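>
In full-length UniProt numbering, the protein residues as written are 1 to 301.
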């Protein structure tokens, strides 16, 4: 199996390093536009692989898409990273153009499964689907799995329990209208539940403020888990950003929802039962993302 990662920055290189440790991919190609950058990252990750006994071969290239030929999976992390004070929406104009160019370049050499990590990820997933002309089940984005991880951690902190004891996910937008869900619901006071939701929604901004750039170990690990489920045909259910066509009563919008991931990408969307309030919040999230998707298309006309 061959994995190509477009963008060798913090998220892309973290993903490559973790996948290398998993030892489940034959070849990883890191591609970046900055001369020598991906090559250096690949050498560093290769040395990690040697120390850990990984058989994965990691190479880096500068803007040579022909080196991504016959990729089974392509991860797109390209674009400007989020900085302190920026919302994910602020990245829309620049990153929409970058993602469109990347997708067209990738498709000249492969017929892959594409995973989008560029922000704002809901709109960038839509752009990738539109310009790759691949089915919605072969192009999807990182979002809900990462947000769900943050949510479970916050719940564990508030309830003073182990995170392994918390089952939950996040659906909707990767942003301020995300919808955290506990299943089965735990007994939580309303003020505690509200605080947990607010902290989950603000985690990305909080980390960006402290780091000076967006988070990368968590996103890299989330991408690696998605890739693992695909290449190993594990059929794990993760919340990922995909195009909805009637699921949850919503259409023509890219939102994070639980999906079963296997060798062909998304096998199916898992329509978990939602409360009336959760459905209301998901519709609200859908309305915001739909506007953002239209804006992204307008910017590319």
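Note that CB positions come from ideal geometry on N, CA and C, so glycine has one too. Note that the coordinates shown come from a computational prediction; the quantities given were computed from them, not determined experimentally.
How do the stretch 6-20 and the stretch 205-225 stand: do at least 3 beta-carbon pairs fall below 8 Å, yes or no?
A contact exists between the stretch 6-20 and the stretch 205-225.
> Taking the alpha-carbon of residue 69 as reference, which of 150, 77, 28 and 174 has the nearest alpha-carbon?
The residue labelled residue 69 in the question sits at position 69 within the chain shown. For the residues 150, 77, 28 and 174, the minimum Cα distance to residue 69 belongs to 28.
> Give the range of the beta strand (DSSP E) segment to which residue 180 is assigned.
For this step, residue 180 is matched to residue 180 along the chain shown. Where residue 180 is concerned, the enclosing beta strand (DSSP E) stretches over 179-182.
> Starting from the N-terminal side, write out each stretch of the beta strand (DSSP E) that is 3 residues or longer and does not extend beyond the UniProt domain "Lactate/malate dehydrogenase N-terminal" (1-141).
Those beta strand (DSSP E) runs which fall completely within the UniProt domain "Lactate/malate dehydrogenase N-terminal" (1-141) and span 3+ residues are 2-6, 27-32, 57-62, 73-76, 113-116 and 139-141.
> If you reduce the DSSP assignment to three classes, tell me which class residue 262 lands in.
Along the chain shown, read from residue 1 onward, the residue named residue 262 stands at position 262. Here residue 262 sits in strand by DSSP.
> Using the Cβ count rule (16 or more neighbours within 10 Å means buried), how would you classify residue 200?
Position 200 of the chain shown holds residue 200. That one is buried.
> Give every residue of the same chain whose Cβ lies closer than 7 Å to the Cβ of residue 169, excluding the five residues on either side of it in the sequence, and list them in chain order.
Locating residue 169 in the chain shown gives position 169, counting from the first residue. Correct list, in chain order: 144, 148, 181, 239 and 258.
> Looking only at its chain, what residues have a beta carbon closer than 7 Å to the beta carbon of residue 245, apart from the 5 residues adjacent to it on each side?
Indexing the chain shown from 1 puts residue 245 at position 245. Once the five neighbours on either side are set aside, the close Cβ partners of residue 245 are 251.
> Output the distance between the C-alpha atoms of residue 8 and residue 31, rounded to the nearest integer angstrom.
Residue numbering aside, residue 8 sits at position 8 when the chain shown is read from its first letter. Residue numbering aside, residue 31 sits at position 31 when the chain shown is read from its first letter. Distance between the alpha carbons of residue 8 and residue 31 is about 6 Å.
> Count the other C-beta atoms from every protein chain shown that fall within 10 angstroms of the C-beta of residue 183, then say buried if there are 16 or more, exposed otherwise.
Numbered from its first residue, the chain shown carries residue 183 at position 183. By the neighbour-count rule (16 or more Cβ atoms within 10 Å), residue 183 is not buried but exposed.
> Using the DSSP secondary-structure output, state which residues sit across from residue 255 in a beta bridge.
Looking up residue 255 in the chain shown gives position 255. Answer is 242.
> Just mark residue 23 as buried or exposed, buried being the case when its beta carbon has 16 or more other beta carbons within 10 Å.
Taking the first residue of the chain shown as 1, we reach residue 23 at position 23. Its Cβ having fewer than 16 others within 10 Å, residue 23 is exposed.
> Cα separation between residue 102 and residue 112?
Residue numbering aside, residue 102 sits at position 102 when the chain shown is read from its first letter. Residue numbering aside, residue 112 sits at position 112 when the chain shown is read from its first letter. About 13 Å.
> To the nearest angstrom, how far is it from the Cα of residue 6 to the Cα of residue 64?
What you label residue 6 is simply residue 6 of the chain shown in a count that begins at 1. What you label residue 64 is simply residue 64 of the chain shown in a count that begins at 1. Taking the straight line joining both Cα atoms gives about 10 Å.
> Which whole-angstrom value describes the C-beta separation of residue 96 and residue 299, a residue pair presumed to lie in contact below a C-beta threshold of 8 Å?
Working through the chain shown from its first residue, we reach residue 96 at position 96. Working through the chain shown from its first residue, we reach residue 299 at position 299. With 8 Å as the limit, residue 96 and residue 299 qualify as a contact, their Cβ atoms being about 5 Å apart.
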